[in-house]
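Note that the protein sequences, when read in sequence, are chains A and B.
Residue numbering for the first sequence follows our numbering, starting at 1 and increasing by one per position.
Residue numbering for the second sequence follows our numbering, starting at 1001 and increasing by one per position.
No residue lacks a Cβ here, since even glycine has one placed at the ideal position from N, Cα and C.
Heads up: the structure comes next, in structure tokens.
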Amino acid sequence: MSEPEEPREPREPRHACAGCDREIEDCSFCGERDCPAPTCYPDMLIALGLQVLHPHAHGGSSPSRRLPAPLSG
Amino acid sequence: MYDYTAGKLDWLAAGLPIEGEFAGRPTAGSVARRDVPTCRLDEPIDAVRERVRGVGWDACVVTNQEGVVLGLLREQQLDAPARETVEQAMRPGPSTFRPHLPIAEMAQRMREHDTVNVPVTTSDGRLVGLLRREDAERAAEELHRAHHEHEEDDHVGA
């Protein structure tokens, strides 16, 4: 005869990065758990153009190279 | 163990002056409002609410004596019951952003995340100002318009 199951703690809903589906606790951009577009920390760095640059053979590259096109519309 | 030595990104993140093609472009630091009200942890929330709204603001940044950001009071937190202190009412440890971030990216992210304002700080957490979404979006649109006019001028000149 099997033992009665222990009552389980109710699981919190899963929060995942909208970009890469990585499980996250809260949005790295706004810090909100119920953010409409939750973002993990690595994706936020990429989105804000802060990803690590590859060192340039001639002594570094310009941060201006990472700037995205201006907003459209 | 390594001693951290500040580099180029820390210079940018401190909002220090820069030269070059992008020096004049608006950033989170240049658009952020430096006159945002600040308060301390132990202040009563009702006194802070009165002071903040009295000068036409709907947000207040909680800092320590060194100006390091500890929390944020947005409209919802400012409406906390009068018996609470700032520490009880605030959103602790808000996400903060560095002053050198391009304004277009900040505006886009704030829109996507439905964020009304974000604190801008140096790498060591000292408050630079509060970036409001409406300011970020306006600056991004002006930049976008200026970029298009510049492109059109180039076409005419070609």
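Cβ-based neighbour list, residue i, same chain, cut-off 7 Å, excluding 5 preceding and 5 following
i, result
"residue 24 of chain A", "15, 16, 17, 38 and 40"
Three-state secondary structure assigned by DSSP to residue i
i, result
"residue 1044 of chain B", "strand"
"residue 1031 of chain B", "helix"
"residue 48 of chain A", "coil"
"residue 37 of chain A", "coil"
"residue 1061 of chain B", "strand"
"residue 16 of chain A", "strand"
"residue 1014 of chain B", "coil"
"residue 59 of chain A", "Unreliable positioning characterises residue 59 of chain A in this predicted model, as indicated by a pLDDT of 48, which lies under 50. A coordinate reading is not provided."
"residue 1056 of chain B", "coil"
Cβ neighbour criterion (16 or more within 10 Å) applied to residue i
i, result
"residue 1148 of chain B", "exposed"
"residue 1031 of chain B", "buried"
"residue 952 of chain B", "The question about residue 952 of chain B has no answer, for chain B in this structure spans 1001 to 1158."
"residue 1017 of chain B", "exposed"
"residue 1114 of chain B", "exposed"
"residue 1128 of chain B", "buried"
"residue 1120 of chain B", "buried"
"residue 43 of chain A", "buried"
Nearest-angstrom beta carbon gap, residue j and residue i [assumed within contact, 8 Å]
i, j, result
"residue 1102 of chain B", "residue 1025 of chain B", "7 Å"
"residue 1140 of chain B", "residue 1107 of chain B", "4 Å"
"residue 1051 of chain B", "residue 1116 of chain B", "Contact doesn't hold; Cβ gap of about 20 Å is too wide."
Cut-off 6 Å between Cβ atoms - residues of its own chain near residue i, not counting five sequence neighbours on either side
i, result
"residue 35 of chain A", "27"
Close Cβ partners of residue i (< 8 Å) along its chain, the five nearest in sequence each way excluded
i, result
"residue 1047 of chain B", "none"
Q. Which ranges does the alpha helix (DSSP H) cover as unbroken runs of at least 4 residues, wholly within the segment 1093-1158 of chain B, from first to last along the chain?
A. DSSP runs (the alpha helix (DSSP H)) wholly in the segment 1093-1158 of chain B: 1103-1112 and 1133-1157.
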